[in-house]
Amino acid sequence: MSVLPILERRVVKLNKLTSLLPKPIEALPRVDHLCAHLKVCAKSSYLRTGESIHAHLIIRNQSSRAEHAWQITSLINLYMKCGKTVRAHKLFDSMPERSVVSWCSLMKGYQDSGFDFEVLKLFKSMVFSGESQPNEFVATIVFKSCSNSGRIEEGKQCHGCFLKHGLMSHEYVRNTLLYMYASCSGTREAIKILDDLPCCDLLAFNSALSGYLERGALEEGLDVLRRMAEEDLVWDEFTCMSSLKLCSSLRDLELARQIHSRMVRLGFDCHDDVSGALINMYGKCGNPLYAQRVYNGTKTLNIVLNTSIMDAYFQNKSYEEALNLFAKMETKEVPPNEFTFAVLLNSTAELSLLRQGDLLHGLVVKSGFRNHVMVGNALVNMYAKSGSIEDAWKAFSGMAFRDIVTWNTMICGFSHHGLGMEALEAFEEMMSAGEFPNRITFIGVLQACSHMGFVEQGHYYFNHLMKQFGVEPDLQHYTCVVGLLSKAGLFEDAEYFMRTAPIGWDVVAWRALLNACYVRRNYSLGKKVAEYAIEMHPNDSGIYILLSNIHAKSKEWDGVARVRSLMKERRVKKEPGVSWIGIRNKTHVFLSEDNQHAEIVLIYEKVKEVLAKIRPLGYAPDVAGAYHDVDEEQRENNLSYHSEKLAVAYGLMKTPDKSPLYVTKNVRICDDCHSAIKLISRLSDRLIVVRDSNRFHHFQDGHCSCCDYW
């Protein structure tokens, strides 16, 4: 065989490879054209191409000569845009002469990279070196860095410096200064600048409004809005968006409607981004129906608007409506994004719909959003609140990235399930991972200490560790301490703590102490606490119910009658007990003594059958706590058909043997149902998880995870 064809093929391949090699240096553009190429490289982050141009300049000895400083400035800009801050700074230091443009380029690069302190250091170096005088671009960068880092004192000094250089006449410098003062607690200075304006300047007012919103200074932001109305300034789209954000933060529906009306007159309400902000605003202001009207009026629907309306329903606890909207979305083939999944999973969590949550989890994986932290957090939350703490832990363990919300969700999930030790272990693991705890973290940790009876450890977290991390205790933390002390039976300490704490107590704290008195059978203290709590919170039905139960347990039927009479007189209605269970993608809801369910006759028969079977196991109806004005048989009958018993019975009827049941109840599970479900779990050899208003109960083999304290 001849080798000639083989050699020819190799020559062709060699020619092709040669054509891919960089062109000779002589073929590159002239030096005076390279600046444009460097700008393109910087804009598109083409680092390797930019490095090739840099190498070309070095070979031609053009990178260190003073007359080519503008090329070095372009290189500085390139390296900063590509994240090579050290290399950019070295180039800057190597310059024989530095113009204001060079200083500006390096400062802007540091600012874009989040190093605002470096910007201020560079500005000081620039002033002390005397090489260049600052211009309006430098002033804008410096003021913005002061805003970003919250350094108002340095900002005031820079303000004085730029005044001397005559730079405050530039409109965008003045507006950046306004934003700095507004966002950094410089309210007086911001007002003075607005007052000194030679004429009404919409951009200046927008800057002040934006700064106040950034700081959360809502009243000051509202004052700016009023002044704009007084000056009769015509709003632009930025003003409208800032105003909507202000209304959302204030939760002021009347103001929201006024601003919406103005936007309609100005013709801004038809823009998609404005429609999304309007939907969000009405959701935050507690009116999802107005949000729905805006949504219905949009001409083109997209995933942002769909997610906004679902979130509006979610924020107003209309979780089923949010899920129903998603079902309609699917029929219109609008694919969900990570924000959509977060809203859906959190809605499912609030309803404790484990089966639907599982289906959403599968859709998350299929759609490729599993590694989004927000979606991962929502998955952990969904499983924890739907009763499957094991699946919550699996979702947590499978997350590639975790933030403080991830850790808080897992810690609080363990606490709500009564797994105090696991919650504290997760807290220690979080600390080891370098994540700093916040107020939510310590709520979960204090609840965990309460479940475990770790009084001293709880005091340490509350009195020392929270201070160490700069977390100011609020009402929820103080309430956790009340629960910690009262659950441990330290009633005198709990009373003293409530008397001396520098905080105004709400009804939740009093209910925690009262509930502890009921569970620990300290009825005399319970009556005193209840009387005081009723005086402070006369419309809370939970306190009346607990006081009535205390009287009933003490067989003080006159006391029970007085409480019921007082509730009637004050028109305080007992919240009806509602329980629900998910079976085959459908939620079945039950009221006590329900007669609405399609299979209610069979359910009642199942309840009778199960209660008869657990009597030999030790079940005795708790008729002592039931109303005394009916005979014992009727009292037993009333207890038999509580909503949670109906839900459990239906679960036994409709699910495979030994499969777990997940039931949710809107109020505290009663003593009789608690005793019955413990024995039902033993009889059926099932795990039965009940989520009530206090916590999760894991019933298994005749025992409950709450150890009969809830």
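Everything in the sequence shown is counted per full-length UniProt numbering, starting at 1 for the first residue and increasing by one. From the three backbone atoms N, C-alpha and C, an ideal C-beta is built for every residue, glycine too.
Contact check, C449 vs G489, beta carbons under 8 Å: Here residue 449 refers to the residue found at position 449 when the sequence shown is read from its first residue. Here residue 489 refers to the residue found at position 489 when the sequence shown is read from its first residue. It is not a contact, given that the beta carbons lie outside the stated cut-off.
Between the CA atoms of Y709 and I581 - distance to the nearest angstrom: The residue you call residue 581 lines up with position 581 of the sequence shown. The residue you call residue 709 lines up with position 709 of the sequence shown. Whole-angstrom Cα-Cα distance: 23 Å.
3 or more residues per run - each beta strand (DSSP E) lying fully within the stretch 561 to 630: 578 to 583 and 586 to 591
Neighbourhood of P24 by C-beta distance below 6 Å, restricted to the same chain and skipping five residues each side: Taking the sequence shown and counting its residues from 1, the one referred to as residue 24 is at position 24. Annotation note: pLDDT 45 at P24 (below 50); position unreliable, coordinate value reported separately. The answer is none, since no qualifying residue turns up.
Residues near A291 in its chain [Cβ-Cβ closer than 7 Å; skip 5 each side]: Mapped onto the sequence shown, residue 291 falls at position 291. Here the set comprises I279, Y282, G283, I309 and A312.
Cβ-Cβ distance between G211 and S183 below 8 Å: Working through the sequence shown from its first residue, we reach residue 211 at position 211. Working through the sequence shown from its first residue, we reach residue 183 at position 183. For G211 and S183, yes; Cβs fall inside 8 Å.
Candidates L250, H642, F143 and H271: closest to D236 by CA position: By one-based count along the sequence shown, residue 236 stands at place 236. Of L250, H642, F143 and H271, the residue nearest in Cα terms is H271.
Identity of the residue in E219, M241 and T187 nearest N206 by Cα: Taking the first residue of the sequence shown as position 1, residue 206 is located at position 206. The option with the nearest alpha carbon to N206 is M241.
Length at least 4, wholly inside the stretch 111 to 190: the alpha helix (DSSP H) runs in chain order: 116 to 129, 136 to 149, 152 to 164 and 171 to 183
Span separating the alpha-carbon of G216 from that of R174: For this step, residue 216 is matched to residue 216 along the sequence shown. For this step, residue 174 is matched to residue 174 along the sequence shown. Near 21 Å, if we compare the C-alpha coordinates of R174 and G216.
CB of G221 within 8 Å of CB of L213, strictly: The residue labelled residue 221 in the question sits at position 221 within the sequence shown. The residue labelled residue 213 in the question sits at position 213 within the sequence shown. Yes; because the gap between Cβ atoms is below 8 Å, this pair is in contact.
Between the CA atoms of G376 and R188 - distance to the nearest angstrom: Position 188 of the sequence shown, counting from 1, holds the residue named residue 188. Position 376 of the sequence shown, counting from 1, holds the residue named residue 376. Roughly 44 Å separates the two Cα atoms.
Validate contact between the stretch 567 to 575 and the stretch 612 to 620 using beta carbons, cut 8 Å, 3 pairs: no
Spatial distance of G267 from A501 (CA atoms): Here residue 267 refers to the residue found at position 267 when the sequence shown is read from its first residue. Here residue 501 refers to the residue found at position 501 when the sequence shown is read from its first residue. G267 and A501: Cα-Cα distance of roughly 53 Å.
Per-residue burial, L21 [other beta carbons within 10 Å of its own, 16 or more giving buried]: In the sequence shown, the residue the question calls residue 21 occupies position 21. The predicted position of L21 is uncertain, since its pLDDT is 40 and thus under 50; no value can be drawn from it.
The stretch 601 to 611 in contact with the stretch 686 to 698 per 3-pair CB rule at 8 Å: no
N- and C-terminal bounds of the beta strand (DSSP E) containing H451: Sequence index remark: in the sequence shown, residue 451 carries index 451 (1-based). Looking at the DSSP string, H451 is not in any beta strand (DSSP E); the run it does join, the alpha helix (DSSP H), is R439 to M452.
Endpoints, the alpha helix (DSSP H) within which L490 is located: Residue mapping note: residue 490 aligns to position 490 of the sequence shown, counting from 1. No alpha helix (DSSP H) contains L490, which DSSP labels as neither H nor E.
Spatial distance of V519 from D506 (CA atoms): For the purposes of this step, residue 519 is taken as residue 519 along the sequence shown, with counting starting at 1. For the purposes of this step, residue 506 is taken as residue 506 along the sequence shown, with counting starting at 1. So the two alpha carbons sit approximately 21 Å from each other.
Alpha-carbon spacing of L652 relative to S579, whole angstroms: By one-based count along the sequence shown, residue 652 stands at place 652. By one-based count along the sequence shown, residue 579 stands at place 579. Whole-angstrom Cα-Cα distance: 15 Å.
Alpha-carbon to alpha-carbon, K528 and G453: Sequence index remark: in the sequence shown, residue 453 carries index 453 (1-based). Sequence index remark: in the sequence shown, residue 528 carries index 528 (1-based). One C-alpha to the other measures close to 25 Å.
Assigned secondary structure, Y46 (DSSP; H/G/I helix, E/B strand, else coil): In the sequence shown, counting from the first residue as 1, residue 46 sits at position 46. Correct three-state label for Y46: coil.
Cβ-Cβ separation, G483 to A512 (assumed contact under 8 Å), whole Å: Your numbering for residue 512 matches position 512 in the sequence shown. Your numbering for residue 483 matches position 483 in the sequence shown. Indeed they touch by this definition, with Cβ atoms about 5 Å apart.
Presumed contact (8 Å Cβ cut-off) between S132 and R98, rounded CB distance: To locate residue 132, count along the sequence shown from 1; it is residue 132. To locate residue 98, count along the sequence shown from 1; it is residue 98. That pair is a contact at about 7 Å.
Spatially closest choice to L167 from G434, M95, A647 and T140, by CA coordinates: Walking along the sequence shown from the start, residue 167 turns up at place 167. Checked all of G434, M95, A647 and T140; the closest Cα to L167 is T140.
Nearest candidate by alpha-carbon position, reference T479, set T307, G504 and E230: Taking the first residue of the sequence shown as 1, we reach residue 479 at position 479. Of the listed residues, the one whose Cα sits closest to T479 is G504.
Cβ-Cβ distance between L75 and H54 below 8 Å: Reading the sequence shown from its first residue, position 75 is the one you call residue 75. Reading the sequence shown from its first residue, position 54 is the one you call residue 54. Yes; because the gap between Cβ atoms is below 8 Å, this pair is in contact.
Exposure of W557, with buried meaning 16 or more beta-carbon neighbours within 10 Å: As a working mapping, residue 557 is identified with position 557 in the sequence shown. Flag for W557 reads exposed.
Backbone CA spacing between N539 and G559 [nearest angstrom]: Residue 539 sits at position 539 when you count from the first residue of the sequence shown. Residue 559 sits at position 559 when you count from the first residue of the sequence shown. Going from the Cα of N539 to the Cα of G559 covers about 19 Å.
Pick from G458, K299, A598 and V264 that is closest to L424, judged by C-alpha positions: As a first step, residue 424 is located in the sequence shown; it is residue number 424 there, counting from the start. Here the closest residue by C-alpha is G458.
DSSP three-state assignment for V663, whether helix, strand or coil: Mapped onto the sequence shown, residue 663 falls at position 663. Strand, per DSSP.
Alpha carbon of M107 to alpha carbon of K144, nearest angstrom: Locating residue 107 in the sequence shown gives position 107, counting from the first residue. Locating residue 144 in the sequence shown gives position 144, counting from the first residue. About 11 Å.
Where the alpha helix (DSSP H) containing V264 begins and where it ends: Taking the sequence shown and counting its residues from 1, one reaches residue 264 at position 264. First-last of the alpha helix (DSSP H) with V264: L253 to L266.
Under the three-state DSSP convention, the category C285 falls into: For this step, residue 285 is matched to residue 285 along the sequence shown. If DSSP states are grouped into helix, strand and coil, C285 belongs with coil.
Helix, strand or coil at V234 according to DSSP, with G and I counted as helix: Sequence index remark: in the sequence shown, residue 234 carries index 234 (1-based). Coil, per DSSP.
Local conformation of H698 per DSSP, three classes: Counting from 1 along the sequence shown, the entry for residue 698 is found at position 698. Three-state DSSP puts H698 in a strand.
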